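Remarks on the structure that follows.
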Amino acid sequence: MQNNPWNDLPKPFFAMAPMEAVSDVVFRHVIAYAAKPDLFFTEFVNASSFCSEKGIDSTKGRLAFTDDERPIIAQIWGNKPDEFAKMSKSLAKMGFAGVDINMGCPDKAVVRNLSGSALIRTPELAAELITATKTSGLPVSIKTRLGDTRIDQWNIWIAHILKQNIANLTIHLRTRKEMSKVGAHFELIPEIKKLRDKIAPQTLLTINGDIRDRQHGLELAKQYNIDGIMIGRGLFNNPFAFETKRTGHTRDELLQLLNLQLDLHDKYSIELEPRKFDPLKRFFKIYIREFNGASELREKLMHTRTTDEVRAILKELNATS
Ligand SMILES: Cc1cc2nc3c(=O)[nH]c(=O)nc-3n(C[C@H](O)[C@H](O)[C@H](O)COP(=O)(O)O)c2cc1C
0 MQNNPWNDLP
10 KPFFAMAPME
20 AVSDVVFRHV
30 IAYAAKPDLF
40 FTEFVNASSF
50 CSEKGIDSTK
60 GRLAFTDDER
70 PIIAQIWGNK
80 PDEFAKMSKS
90 LAKMGFAGVD
100 INMGCPDKAV
110 VRNLSGSALI
120 RTPELAAELI
130 TATKTSGLPV
140 SIKTRLGDTR
150 IDQWNIWIAH
160 ILKQNIANLT
170 IHLRTRKEMS
180 KVGAHFELIP
190 EIKKLRDKIA
200 PQTLLTINGD
210 IRDRQHGLEL
220 AKQYNIDGIM
230 IGRGLFNNPF
240 AFETKRTGHT
250 RDELLQLLNL
260 QLDLHDKYSI
270 ELEPRKFDPL
280 KRFFKIYIRE
290 FNGASELREK
300 LMHTRTTDEV
310 RAILKELNAT
320 S
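FYI, in numbering that gives the first Met the number 0 the residues of the sequence shown are 0 to 320.
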């Protein structure tokens, strides 16, 4: 067994959520610059792609990271134990500090593949995947939901996972069926915590869903005495969400983050893996908001084709304001 980074985290610790096409090496660095969480995850990576000659190239961008991001956990998805074993051994060699298995994704394509949240319906396979992943020697964690369709059955699934002796359990406090359409079930945390204390006191418990920022997370951690807080979409409203004090941020501070994202996009495209420009556009609304002329500026930027075109428009804005 290699070092277990989960044991070195503060209490409570803050993690940036894995988010496909969002939490890549570029955006993680922007968030680290704004206000760094204690732990990073990659976006999820399909084990079948990773293990196939045809698909491996598609996983490289998702798994790219730099030394200053350690400890970083790779998140994987799929449903074949042999692939999980093979992939996690490679992840150990690549320098990842742990492997997180996605057992919560409600996306139709993933569920049809009998992966992600579909594993809630095949608990024996879920356990086999964990066992296979552990053969890498890396600590294994799980990110899941409360259950498949019924909220009143959460304890059956969560108890099963807790019995697998994992390093950390992150629970997105909704069922698969609820997607993100209802509020997170914070009211269940005390019962979940009791179950964790009974079955697996050595397993860390992280909660996720609708947590806005560090202050909100600290309130929940204090109220429920949990180990970790994971924040995802809160970063879309406030990229400074992990800062230790709530402070207002100026337009220029937000635009500085956008400029950093542009620079890192170019830098890591050269140094690590080439990255496409168009997906960058989805980030504009994170930085360009709530100031006079924000929507016009966003609209203008949607027509750009290169990072230099974006920079030119931002420079013009600076010169005229
Ligand atoms: C754009 C997007 C991509 C996501 N991709 C992943 C993923 O790759 N792996 C995963 O476990 N969860 C993924 N999620 C779910 C988040 O990690 C998180 O569980 C969910 O958004 C609820 O937390 P939040 O309210 O803090 O965002 C994704 C969510 C979003 C919005």
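Don't be surprised by glycine CBs; every beta carbon is placed ideally from N, CA and C. Computed from a prediction, not measured in an experiment: that's the story for all the values here.
- Runs of alpha helix (DSSP H) with 4 or more residues, each lying fully within the stretch 107-170, are found at 107-111, 122-133, 153-161, listed in chain order.
- DSSP, reduced to helix, strand and coil, places residue 74 within a strand of the structure shown.
- Placement of the Cβ of residue 152 at a distance of 8 Å or more from every heavy atom of ligand 1 is found.
- Rounded to whole angstroms, the gap between the alpha carbons of residue 201 and residue 166 is 7 Å.
- Residue environment analysis places residue 184 among the buried positions, since at least 16 neighbouring C-beta atoms fall within 10 angstroms of its C-beta.
- Counted as a single uninterrupted DSSP element, the beta strand (DSSP E) harbouring residue 97 occupies residues 97-102.
- Distance from the CA atom of residue 101 to the CA atom of residue 143, rounded to whole angstroms, is 6 Å.
- Secondary structure of residue 229 (DSSP, three-state): strand.
- Residue 253 holds the alpha-carbon nearest to the alpha-carbon of residue 32 among 253, 113, 137.
- Counting every other CB atom within 10 Å of its CB across the protein chains shown gives residue 177 a total of 16 or more, marking it as buried.
- Residue state for residue 42 is assigned as strand, using DSSP reduced to three classes.
- Within a 10 Å sphere around the beta-carbon of residue 270 sit fewer than 16 other beta-carbons, which makes this residue exposed.
- Looking at the DSSP output, residue 15 shares a beta bridge with 230.
- Residues 293, 296, 297 of the same chain have their beta carbon placed closer than 6 Å to that of residue 287, with the five preceding and five following residues left out of the count.
- Between the alpha carbons of residue 186 and residue 318 lies a distance of about 51 Å.
- Assignment of residue 306 by DSSP, reduced to helix, strand and coil, places it in the helix class.
- Judged by DSSP secondary structure, residue 205 falls within the beta strand (DSSP E) whose first and last residues are 203-207.
- Residue 306 and residue 276 have their C-alpha atoms spaced approximately 7 Å apart.
- Residue environment analysis places residue 60 among the buried positions, since at least 16 neighbouring C-beta atoms fall within 10 angstroms of its C-beta.
- In this structure, residue 38 lies away from residue 226, with their beta-carbon atoms at least 9 Å apart.
- Only exposed fits residue 136, as fewer than 16 other CB atoms lie within 10 angstroms of its CB.
- Taking a contact to require three or more Cβ pairs closer than 8 Å, the stretch 46-54 and the stretch 65-72 do not qualify as touching.
- Bridge partners of residue 174 according to DSSP: 146.
- For residue 31, the enclosing alpha helix (DSSP H) begins and ends at 24-33.
- The alpha carbon of residue 279 has as its nearest neighbour, out of 12, 23, 238, 13, the alpha carbon of 23.
- Shortest gap from the CB of residue 17 to any heavy atom of ligand 1: under 8 Å.
- Annotated as distal: residue 206 and residue 156, with beta-carbon spacing of 9 Å or more.
- The straight-line gap separating the alpha-carbon atoms of residue 85 and residue 247 is approximately 46 Å.
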